[in-house]
Amino acid sequence: MKDMKELIKKLVEAYGPSGREEQIREMIKGEIEGLADEVRVDTLGNLIALKCGSGGGLKVMLAAHMDEIGVIVTHVDEKGFLRFAPIGGVRPLALLGGRVVFANGTVGTFGLEKREPENENKVPDLDKLYLDVGAKDKASVPVGVGDVACFQRPFADQGDRLLAKGFDDRIGCAVLIQVMRDLESSPHDVYFVFSVQEEVGLRGAITSTYGIQPDLGISVDVTGTGDTPEARTMAVSLGEGPAVKVKDGGMLAHPAVKDLLIETAEELGIPYQLEVLERGTTDAMAMQVSREGVPAGCLSIPCRYVHTPSEMVDHNDVLNAVKLLVALLSKPIELS
Amino acid sequence: MLLGELSEAFGVAGCEDEVRRVIIEAIKDHVDEYRVDSIGNLIALKKGTGESELKVMVAAHMDEVGLMITHIEKDGNLRFRPVGGIDDRILLSKVVLIGKDRLPGVIGVKPTHLLKEEESRQVVKVDQMAIDIGASSQEEAEKAVKIGDYAIFATTFCQLAEDGLRTVKGKAFDDRAGCAVLIEVLKERYPFDLYPVFTVQEEVGLRGARVAAYAIEPDVAFALEGTICDDMPKKKDVSPSTRLGAGPAITIMDRSFIADRDLVKLLVDTAEELGIPYQFKQPGVGGTDAGAIHLAKEGVPSATVAVPCRYIHSPACMLSLEDLENTVRLMKAALGRLVTRRFVD
Chain A
543 MKDMKELIKK LVEAYGPSGR EEQIREMIKG EIEGLADEVR VDTLGNLIAL
593 KCGSGGGLKV MLAAHMDEIG VIVTHVDEKG FLRFAPIGGV RPLALLGGRV
643 VFANGTVGTF GLEKREPENE NKVPDLDKLY LDVGAKDKAS VPVGVGDVAC
693 FQRPFADQGD RLLAKGFDDR IGCAVLIQVM RDLESSPHDV YFVFSVQEEV
743 GLRGAITSTY GIQPDLGISV DVTGTGDTPE ARTMAVSLGE GPAVKVKDGG
793 MLAHPAVKDL LIETAEELGI PYQLEVLERG TTDAMAMQVS REGVPAGCLS
843 IPCRYVHTPS EMVDHNDVLN AVKLLVALLS KPIELS
Chain B
719 MLLGELSEAF GVAGCEDEVR RVIIEAIKDH VDEYRVDSIG NLIALKKGTG
769 ESELKVMVAA HMDEVGLMIT HIEKDGNLRF RPVGGIDDRI LLSKVVLIGK
819 DRLPGVIGVK PTHLLKEEES RQVVKVDQMA IDIGASSQEE AEKAVKIGDY
869 AIFATTFCQL AEDGLRTVKG KAFDDRAGCA VLIEVLKERY PFDLYPVFTV
919 QEEVGLRGAR VAAYAIEPDV AFALEGTICD DMPKKKDVSP STRLGAGPAI
969 TIMDRSFIAD RDLVKLLVDT AEELGIPYQF KQPGVGGTDA GAIHLAKEGV
1019 PSATVAVPCR YIHSPACMLS LEDLENTVRL MKAALGRLVT RRFVD
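Order-wise, the sequence lines are chains A and B.
So that you can map any letter, position 24 of the first sequence is 566 in our numbering, and since no number is skipped, the others follow by simple counting.
So that you can map any letter, position 300 of the second sequence is 1018 in our numbering, and since no number is skipped, the others follow by simple counting.
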């Protein structure tokens, strides 16, 4: 099996909160150079690469989002401390002790206001936190209102298990890139969409799907697991294979797409799991209701600690997701 | 003042007819075409000089938050629900005007003399309130009011300060301020075809803008707004959202969209070069028609520019005519420079 770690490390360490995907987009553009017949960036900033098929197939859209969660500066106070608003699902417990980095390289960490004794053991609201970039006063703050930061955390390789910020959804981007590399021939016109602004409402997927009008849509994104101590019950574990989505908080996967993914995994003899996610959704939700409707599903990479600076995935799940998608795209597809 | 007429017009979401009539009167001699679409948006066209191929949509919403009558009690009291976001705490004892005939009523309140200590600390919920129109029975009330009738706050427009910020007071500055700005902006001719759109039902989910943008398919869009301004003194050094008198507020990100960076740069560069004061709205709060427009079809680069308004979504808002006029100046100048779309390297 090929090793994808080098590609994954590069992608996860890149900067790219929602709305500020220009750096990660350039990086992905570089990675897919020469692999597509057509590459374009649409109005919202989605990177769309088309690999033309040999004919007779479907128009298939694969989507993984480039953006990650982050924070946006809302106010700089007189002493040079910053207030901020979340971009996407940012939770206070995931911020304290962490670091974020701005597009210009400025690094900040989070502080917490003093709390009354009765609140000391409660999770603080985000407006009780501030961002400290080490400035001595307002004039020396190197960023301003509207500037955006994402987590800063190096990639860690522990063999099968990988730790990083931003697996949501750079791991999906890595899968798409590897599929582009490995896919030798396909009857289908395959649109690889590296989407923007997923974390703030699937916005890139809404416009890109409208533009492409696919016959079949599959998103590749992370999902939660139930394999940690006292976890919320969920029948997905790290390392047991990519997860075929049955439903999540925003969609019911099209049964034919779900079955297609399952059949392909079984034909290949690779492990897979079935995913029922209670909260959260993916770009596939937006694809499903585009125009007159698109049969859509999702192949998920199981991931622990989603939306923290240290998310964890299993390398084998990633490799198996690539194998599954390459096999799926290499054969004719009939959606029953 | 046109802003006064717009402010006093009756136009709760879903019932924008009166505002639309006022606006048509104000724009009909300044645009090449106008039409009302199926949902009620007023869509105008001001043809360009032919210099640019762009289609530019500028939207301001006609609707305001208000009330809808939902039930008539045996005693003639009217039960109601808010249309759009209204804080329960601002409703008690307010005078409202019901229906197109503007039947006056008062949202009843228990006298302070009779309040138990515990009650005085509680917020009365809207479903416990009723509008009193002075009727003594259900039959009498039904002669004047029907279920589904809308009500607005009975607020007259007036100027509070002749100098300085030239502050005015009125209702519905969200978004009659934006309408007033757009009416001025469309009087000029630009290099491109300008589609001024006065939208409906923004306050209940950006509904008018969604269908208008779908129909127009603009290359670029702006939403003009009256926005949150929370600049009263505070204990903590945190964002005031916007400040009255500090100029037009440019949105970078709110709950509904992330503004196109090229358009933000165009607005900022224009303001700086012309010495027009401007501010950034506190990111992360509120939402505007741009939220619907930027997702139309294959996507539309969009931005929002707003006049800061204190106490929005309440019976009495306040804005500075200086801010309003500076918003007009900024929009006219920025649109005049908008020929190509990409400005950020």
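For each residue, glycine too, the CB sits at the ideal point set by N, CA and C.
Please read these numbers as outputs of a predicted model, since none were measured by experiment.
Query: Residues of the region 583-612 of chain A with Cβ closer than 7 Å to any Cβ of chain B, in chain order; Result: D584, T585, L586
Query: Min CB distance B:D1063 to chain A below 7 Å; Result: Residue placement at B:D1063 is flagged as unreliable, the pLDDT there being 49, under the threshold of 50; the coordinate-derived value follows with that caveat. Chain A contact via Cβ: absent.
Query: Contact under 7 Å by Cβ, B:A872 with B:L815; Result: yes
Query: Separation of A:T585 from B:A1021, as counted between CA atoms; Result: 13 Å
Query: Beta carbon proximity, A:T616 to chain B, threshold 7 Å; Result: yes
Query: Close beta carbons around A:R695, own chain, < 6 Å, minus the five adjacent residues each side; Result: K707, P851
Query: Residue range of the beta strand (DSSP E) that includes A:V615; Result: 612-618
Query: Within 7 Å, strictly: CB atoms of A:K888 and A:F697; Result: Since the first and last residues shown for chain A are 543 and 878, residue 888 of chain A lies out of range.
Query: Under 7 Å between C-beta atoms of B:F916 and B:S725; Result: no
Query: Selection from B:F798, B:I851, B:L942 that minimises the alpha carbon distance to B:Y868; Result: B:F798
Query: Residue range of the beta strand (DSSP E) that includes B:G784; Result: 784-790
Query: CB contact below 7 Å: B:I976 versus chain A; Result: yes
Query: Beta carbon of B:I946 nearer than 7 Å to that of B:G1004; Result: yes
Query: Under 7 Å (Cβ pairs) to chain A, residues found in the region 996-1022 of chain B; Result: F998, Q1000, P1001, G1002, L1013, K1015, E1016, G1017, V1018, P1019
Query: Min CB distance B:I970 to chain A below 7 Å; Result: yes
Query: Proximal chain B residues relative to A:D619, where beta-carbon distance stays under 8 Å; Result: D955, V956
Query: Contacts of A:R745 in chain B (Cβ-Cβ under 9 Å); Result: F975, I976, H1012, L1013, G1017
Query: Residue-chain proximity (A:Y752, chain B), Cβ-Cβ < 7 Å; Result: yes
Query: Reduced DSSP category for A:T765 - H, G, I as helix; E, B as strand; rest coil; Result: strand
Query: Euclidean distance between Cα positions of A:C594 and A:A578; Result: 8 Å
Query: Residues bridged to B:Y800 (per DSSP); Result: Checking the displayed sequence, the identity of residue 800 of chain B turns out to be Pro instead of Tyr. Partner(s): B:L785.
Query: Secondary structure of B:Y932, DSSP reduced to three states; Result: helix
Query: Residues near A:L592 by beta carbon distance below 8 Å, same chain, minus five either side; Result: A578, D579, E580, V581, D731, V732, Y733, F734
Query: Under 7 Å by beta carbon: chain B residues contacting A:A627; Result: P1001, G1002
Query: Buried or exposed (CB count within 10 angstroms, at least 16 for buried), B:G1054; Result: exposed
Query: Three-pair Cβ contact test at 8 Å for the region 745-756 of chain A versus the region 565-577 of chain A; Result: no
Query: Where B:L1037 sits in the DSSP three-state scheme; Result: strand
Query: B:H779, DSSP secondary structure in three states; Result: strand
Query: Residue-level contact to chain B via CB, A:V687, 7 Å cutoff; Result: yes
Query: Rounded separation between B:M1049 and A:K601 - CA only; Result: 42 Å
Query: Three-state secondary structure assigned by DSSP to B:E921; Result: coil
Query: Nonlocal neighbours in the same chain, by C-beta distance under 6 Å from B:F910, ignoring five residues either side; Result: G766, S770, L772, V774
Query: Under 9 Å by beta carbon: chain B residues contacting A:V742; Result: M971, R973, F975, I976
Query: Interface partners of A:Q739 on chain B, CB under 7 Å; Result: I976
Query: Supposed contact pair A:G688 and A:V642 - C-beta distance, whole angstroms, cut 8 Å; Result: Actually they are not in contact, since the Cβ atoms of A:V642 and A:G688 sit about 15 Å apart, beyond 8 Å.
Query: Start-to-end residues for the alpha helix (DSSP H) that takes in A:I754; Result: 745-754
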